[in-house]
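Protein chains in written order, with this note's numbering: chain U, 1 to 447; chain R, 448 to 980.
Structure first, commentary second.
This is how it looks when you write it as structure tokens:
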């Protein structure tokens, strides 16, 4: 706990800009171009009194659609089963893949849903669906994705960091009708050797030495030009530009509270997460949670040897094994690290992809399968150490307690202390609930 | 709509009948069409149609942009970068009522060889088409860059658009890489790179089917891969009917078929879209892909030319004549009519891309002012603000900042800086011209990145030094030159006044370079720089 306190003290987050730099930057505020003042007030935009709940959500996004039969819903003895053994976990009776041994040790803090049933089997559409909670196609509404929804509900309007950070190589869904203030900060990381040393630094956060003196003057000029342009043309593009620059300036001003400086972490802890893009992304997610970021997503997509991530149409078992070996230490260390710092009770960790995979094998691979698949939740007071629902012995159908997309979303939202029937108003004036109508939190998991 | 469907159905039936008697050639079945009209006639035709659309939609005909905005637009759309200061000055000072049309021709054509696209324009259009063919967000996006030389060659030679599609479909397949054997080095001839397209979208029949029908027919078929489409008429037999043409065992003279992996064994026989029955018989003298290619680009296949003109229009004007360029099943009757009529002229031109682009750029429609408020549900006759593509942003910076371009100077083109810049911009690249997605990392790069730092450095910046150290320029003229360099226009009065005051505020300082550097920084970071009005 003392370590936690030390880490969270403001001194630790003090910017490496010199006192003089800070003075110069704050001069910009004095000149009336404060970057914070620039930010259209999120609270005002929200038009309500969002109380600080202090809860956060981390989404571990398994791009491509992970095979439930080779991770959390094994079918030992059945013809559809692969070579992986189902092994005991910290919770007697719950068995998962042998290639997730560290996660097996954390099972008391996890709840597996084995009976999720969705409708889309196309990557793009399924991703849209899983990230927004709505079946989006043929719909005129641009649904906001989960990160944007939660940034609005949980985020502090005045925060130094964006309330939605996406650590993923591909941005798959956006803020929809909630607009640019709830758009993610996407950090792709740049590294030629993504598995050896992930570099998730946010580049160009620090102005060059000889430019620091000019910051106030520059921002003043830009503020003028932004206004001139907005007077001529009101457009979504100009609004997005303004919002991005306002947030970027705020981050320059505060140096993003050192969130992205992973080198400040204990090297052993970094090793435990795994020195790869996903592992270090999970570590960064924890640092962001500590700094109050409402929603962080970390994608596990391509790794060397598995360029298509979890989309294992061929060579399923070698690829799932390799991906599991990246996933297992990162996720398990994240849970432990959050617990050690007293953050697990306020942080929901969601593990999901866009769909599951076919129980039947074809050409050594498994194809897209949305009818009966698995997702995992942990933290934020979820009643863990249990399994919800089950599938038939061949894995082809839900056997009991079918969970639909809306129920799953209602569970996520409720775990974070938000009423699933909360509505946002679309630009056309239509009330759009956070969770598609009819969605009910899974009672066994909540409360 | 029903009529339209029926006519397309009949057209497909006609093609199939023709395919069955293998001696006929699809090309001979083209109906008699009007002759190719001149590009200025095309511009007039477009403007008459849009005038009717303004009346129908009940909107006032928009104003035409001023010379500076037109020039910046045309330079960006055709050459992929903003004009140089001298080019802007010359154009603004030039008299004559045809100067815009003349300039379009100048930007499009190579001076030496009349029938060629200027190479800069060809390279820019190649990048634009590559992004249409393989969107920046798809996994093959990085690989698809290798298609640029091939596309640039097609644009430079003004290869008819139907030929471009045919060449892609009929490109020789590279043998699959053998384990342990080094891959064959890329051949020097860009013509041999057509196969990159299929590699970039993924060579499985499913991927090829989705990619070709989306790109060239404006049909979203991929949903029908797994189930009959719930909102349109597409069925699984439509998807797999096309996929069968790409089946690994497809061979000459045999009707190809394909069995998707799944629980229930089903075999689909090759079938063309808008056609009820599978193909019973295939000509023996051509491979299945050729049969598919001939059907794809046939004038009876209305969606082919319609999709082509829709994509060109969308690129140039910001919004497609039919808003959903990838999904013509969703167009309105007005949109479809305009699309089909323009497509007929395009077919009559012999699928001449240079002709189409020139005609559109010369029209008032292209030269209208961007709508102050724009919504995608607005009429096709209105124009949105457009977002510069990543390479266009870089190349415009290079122009504005007067960066060294030569290899000997180790300019950013050769030091890897351009590549890194484009990669960062690609993370938030627009997926359609009116789409602006750049976020914090992109803003930080333009604010604090190396290029900007050097460009606004008092010692290193060429543009800054040229302006600041020019003894014969007044401060008003210096400000004007910075505007011309970055935004390709003269400052408005309010802007000139503001910046003169800005300089006065810095008057106490030892030199006023800093003040100019701040102005240049602001202009580079302004929304106007990364957008096209």
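Just so it is clear, CB atoms sit at the ideal spot from N, CA and C, and this is done for glycine as well.
- Residue 969 of chain R and residue 215 of chain U do not touch by the CB rule: their CB atoms are close to 12 Å apart, not below 8 Å.
- For residue 689 of chain R and residue 697 of chain R, the gap between their C-alpha atoms comes out near 12 Å.
- Beta-bridge partners assigned by DSSP to residue 299 of chain U: U:61.
- Sorting U:182, U:156, U:341 by C-alpha distance to the C-alpha of residue 174 of chain U places U:182 at the top.
- Counting only Cβ-Cβ distances below 9 Å, residue 363 of chain U has contacts in chain R at 708, in chain order.
- Residue 186 of chain U belongs to the set of residues whose beta carbon lies under 9 Å from a beta carbon in chain R.
- Taking a Cβ-Cβ threshold of 9 Å, none of the residues of chain R is close to residue 297 of chain U; the smallest such distance is about 14 Å.
- Listed as beta-bridge partners of residue 95 of chain U by DSSP are U:88.
- Sequence-distant partners of residue 714 of chain R (beyond 5 residues in either direction) whose C-beta falls short of 6 Å from its own C-beta, in its chain, are 704, 706.
- Closer than 8 Å at the C-beta level to chain R, one finds these residues of the segment 231 to 243 of chain U: 232, 233, 234, 235, 236, 237, 238, 240, 241, 242.
- As computed with DSSP, residue 833 of chain R is found in a beta bridge with R:979.
- Taken through DSSP and simplified to helix, strand or coil, residue 765 of chain R comes out as coil.
- The closest CA to that of residue 723 of chain R, considering only R:896, R:614, R:666, R:683, is found on R:683.
- For residue 399 of chain U, the enclosing beta strand (DSSP E) starts and ends at 398 to 400.
- Residue 276 of chain U counts as buried, since no fewer than 16 other beta carbons sit within 10 angstroms of its beta carbon.
- Residue 337 of chain U is a Cβ neighbour of residue 286 of chain U, given a cutoff of 9 Å.
- Under DSSP, the beta-bridge partners assigned to residue 386 of chain U are U:111.
- Cβ-Cβ distances below 6 Å link residue 587 of chain R to 581, 647, 648 in the same chain, with the five nearest sequence neighbours on each side left out; the list follows chain order.
- The closest CA to that of residue 589 of chain R, considering only R:597, R:600, R:577, R:599, is found on R:577.
- Distance from the Cα of residue 245 of chain U is smallest, within the candidate group R:979, R:973, R:780, R:777, for R:973.
- In the three-state reduction of the DSSP assignment, residue 351 of chain U falls in the strand class, which pools E and B.
- Proximity of chain U to residue 681 of chain R at the Cβ level (cut-off 8 Å) is not reached, the minimal Cβ distance being about 13 Å.
- The alpha-carbon of residue 525 of chain R is positioned some 15 Å away from that of residue 810 of chain R.
- With at least 16 other beta carbons inside 10 angstroms of its own, residue 301 of chain U counts as buried.
- Not one beta carbon of chain U lies nearer than 9 Å to the beta carbon of residue 778 of chain R.
- At a Cβ-Cβ threshold of 9 Å, residue 764 of chain R and residue 807 of chain R count as neighbours.
- For residue 290 of chain U, the enclosing alpha helix (DSSP H) stretches over residues 277 to 290.
- With a cutoff of 9 Å on beta-carbon distance, residue 415 of chain U and residue 382 of chain U are scored as near each other.
- Annotated three-state conformation of residue 134 of chain U is coil, per DSSP.
- Annotation: residue 265 of chain U to residue 695 of chain R spans about 52 Å, alpha carbon to alpha carbon.
- Shown here for residue 177 of chain U: same chain residues with a beta carbon closer than 8 Å to its own, the five before and five after excluded, namely 141, 142, 143, 144, 424, 426, 427, 432 in chain order.
- Taking 4 residues as the minimum length, the alpha helix (DSSP H) runs contained wholly in the segment 596 to 665 of chain R are 608 to 617, 643 to 648, 652 to 664, in order along the chain.
- Ranked by Cα distance from residue 227 of chain U, the first of U:397, U:237, U:242 is U:242.
- Contact check for residue 978 of chain R and residue 844 of chain R: beta-carbon distance about 14 Å, past the 8 Å limit, so the pair fails to qualify.
- By the criterion of a C-beta distance shorter than 8 Å, residue 938 of chain R is surrounded in its chain by 926, 927, 930, 946, once the five residues flanking it on both sides are discounted.
- For residue 566 of chain R, the enclosing alpha helix (DSSP H) starts and ends at 566 to 580.
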